[in-house]
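Residue numbers (my numbering): 560 to 1227. Quick reminder that beta carbons are idealized off the backbone N, C-alpha and C, glycines included. Heads up: the structure comes next, in structure tokens.
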């Protein structure tokens, strides 16, 4: 196209030169051949004049066509560049501002017309190679891995390869290839240094870098004008040509004035706001941005949810990701409880989070309750419906809301509600996006709920419904971590039922099982809400009790002993079963720092308490003395072997399944 235009211009010059030659020849012919020649010359000249006018008209028409073609070519390039710009998730207008900075710099640096034309095109197309870089790398909010960084940097060589095929008459491709080279040779892709870097690439590098710093990126917020100036100044002589940086900063006000007059100012184009507008009414640039952001959000959600190991983490990530693509002032995730009649907030993002985090929704009440009952989304309803008289501080806080049920494999698990103070209405596209993201979140939450249920079964004693020994070990580790962080302490309380074997022998194991369940509840009622109780095995229970001193724990032990001893389980109209309990406690960290150490210390304390009680009730204490020696000397809490009776009188049994002493008359 450019070659054709040059040929037309040359043709016009040739016609003009031919006219001059003809005039000269006519003068000579008139002098030599006389008037007759003048008549012939007039006829020929008239014909030539007419032909010349027609030729000039043709040339002008062709020139206009070519100028229009060039205009369309530039418009096409700019549209393509703007689309690529939008895909990269930089604030819109990046390539246009970069072009204005680069061309303005070129004029001030006294660059040639060819170089200015090169920058005009290269500035628009400098990121065309990002078409070859995956979206999840371009939009990644965190640090890139070395492999991802290499892939991102390849956009310079990919872009140059694309532009080489276009056949621009100016060195557009080399300018694009080298606009990330560094003045000190540490850049890419070829590690060029100083003046080895094409002049146009050095100019483009400064223009591109400044605008990138002033724009929002997925991994950081936009810098202020002063911050970007300092960054550019500090990089002069290292990353950038110092002379070009000097000229750019000296004339920055001039450049930014041109940017503002073109409607490309940072205040206008950096805001990812615009969420207030209906998505369907946005420009093609904004729609490309939103489509790319949606795809990236879904990709990241799937990845993050797959790695999450608890519901709170998923709910937190869920609300943050929603905030990246949808407008709200508050986003709340509600999950149904075991009854299915209520939903409690699992996580709240945004304002009033401290209040709404305690929110309980009754199914069927309010907007969110309606969604839970009908399993249908609602939008643009009065948000006050979700708030009762007790939530007066929230009434009038919001202008509209939208809510959507969380359903996985046909199972309702909760709802997500968006509350907004500034939105007039949520559109269909908003709801589509919310539904898409919610489907992924619901599936992940359902998976974790199922896993938690299986884990709960694995951590629960089926007989009593209390935590089992495995769960006790886990809770012990958490208590140790908490105590160490706060320089605190806790008590491990060991409880062993007395006479439980006799209950099994007298009434059978079904009654014994019932008694175990009832005794577990009796003990639980003596503990605080945040204390932890587990069935340790057989007829043993263990409690972890934070922040109790010696006197307090003795009082607790006495209350438990009294409550257990007072309990009677009716077996039939004239019989009941009951047991006693022996209790010992050990202090963390004073009595030990590991679970086994504390269990052994509590076990010994329990047996001393038991022996004291037995010695007060028996006359002959030789067996008890022997047992006390065993406790104080070679006793091993993990080695539980029965003691053999001596064939006469009262005997003692140390039972295999419970390590407690019971009295039995005449055991042989």
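Inter-residue spacing [alpha-carbon to alpha-carbon] between residue i and residue j
i            : j            : result
residue 1057 : residue 1166 : 11 Å
residue 1135 : residue 1119 : 20 Å
residue 1168 : residue 1143 : 7 Å
residue 1149 : residue 1026 : 25 Å
residue 822  : residue 1044 : 55 Å
residue 1087 : residue 1100 : 16 Å
residue 996  : residue 888  : 18 Å
residue 872  : residue 1111 : 37 Å
residue 764  : residue 992  : 37 Å
residue 750  : residue 709  : 14 Å
residue 801  : residue 672  : 23 Å
residue 1036 : residue 1047 : 14 Å
residue 901  : residue 893  : 9 Å
residue 883  : residue 1145 : 51 Å
residue 998  : residue 874  : 13 Å
residue 919  : residue 890  : 15 Å
residue 1154 : residue 1076 : 25 Å
residue 1216 : residue 1069 : Low per-residue confidence applies at residue 1216: pLDDT is 36, beneath 50, and the placement is therefore not dependable enough to give any value.
residue 795  : residue 965  : 54 Å
Beta-carbon proximity check, residue i vs residue j, cutoff 7 Å
i            : j            : result
residue 1050 : residue 1104 : yes
residue 748  : residue 715  : yes
residue 719  : residue 736  : yes
residue 1137 : residue 1127 : yes
residue 1092 : residue 1083 : yes
residue 542  : residue 1158 : Here the chain covers residues 560 to 1227 and nothing more, so residue 542 does not appear.
residue 759  : residue 734  : yes
residue 927  : residue 945  : yes
residue 654  : residue 678  : no
residue 915  : residue 904  : yes
residue 675  : residue 682  : no
residue 656  : residue 818  : yes
residue 773  : residue 825  : yes
residue 696  : residue 711  : yes
residue 1072 : residue 1022 : yes
residue 746  : residue 755  : no
residue 877  : residue 967  : no
residue 990  : residue 1041 : no
residue 1095 : residue 1161 : no
residue 1130 : residue 1059 : no
Three-state secondary structure assigned by DSSP to residue i
i            : result
residue 908  : strand
residue 693  : coil
residue 941  : coil
residue 833  : The pLDDT assigned to residue 833 is 39, lower than 50, so where the model puts this residue is not dependable; a value taken from the coordinates is nonetheless given after this. Correct three-state label for residue 833: coil.
residue 795  : strand
residue 1146 : strand
residue 981  : coil
residue 1237 : In the structure as shown, the chain begins at 560 and stops at 1227. Residue 1237 is therefore absent and cannot be evaluated.
residue 1091 : strand
residue 840  : Bear in mind that a pLDDT of 43 at residue 840, under 50, signals an unreliable position, so the number given afterwards is only what the model happens to contain. Correct three-state label for residue 840: helix.
residue 1199 : The predicted model places residue 1199 with a pLDDT of 39, which falls under 50 and marks its position as unreliable, so this point remains unresolved.
residue 971  : strand
residue 773  : helix
residue 882  : helix
residue 753  : helix
residue 960  : strand
residue 660  : helix
residue 741  : coil
residue 899  : coil
residue 781  : coil
residue 747  : coil
residue 1140 : strand
residue 919  : strand
residue 889  : strand
residue 811  : helix
7 Å Cβ cutoff, residue i in contact with chain C
i           : result
residue 901 : Checking the listed chains, one finds no chain C in this structure; it contains a single protein chain.
Heavy atom of the ligand COA within 6 Å of residue i beta-carbon
i           : result
residue 710 : As presented, the structure is devoid of all ligands, the ligand COA included, so that no description of it is given.
*Should the region 921-938 be regarded as contacting the region 962-975, the criterion being three or more beta carbon pairs within less than 8 Å?*
yes
*3-residue-minimum beta strand (DSSP E) runs that sit fully inside the region 1019-1072, ordered along the chain*: 1049-1057
*Inter-stretch contact at 8 Å, needing at least 3 Cβ pairs: the region 915-924 / the region 994-1008*: no
*Would you check if there are 3 or more beta carbon pairs closer than 8 Å linking the region 786-802 to the region 756-772?*
Counting Cβ pairs under 8 Å, three or more are found: they touch.
*Enumerated in chain order, which unbroken segments of the beta strand (DSSP E) with a length of 3 residues or greater are wholly contained in the region 984-1012?*
Runs found: none.
*What are the uninterrupted segments assigned as beta strand (DSSP E) that are 3 or more residues long and contained completely in the region 1093-1135, given in chain order?*
If you keep only unbroken beta strand (DSSP E) runs of at least 3 residues inside the region 1093-1135, you get 1099-1105 and 1128-1131.
*Within the region 701-737, note down every full alpha helix (DSSP H) run reaching 4 residues or more, in order along the chain.*
705-712, 714-725 and 731-736
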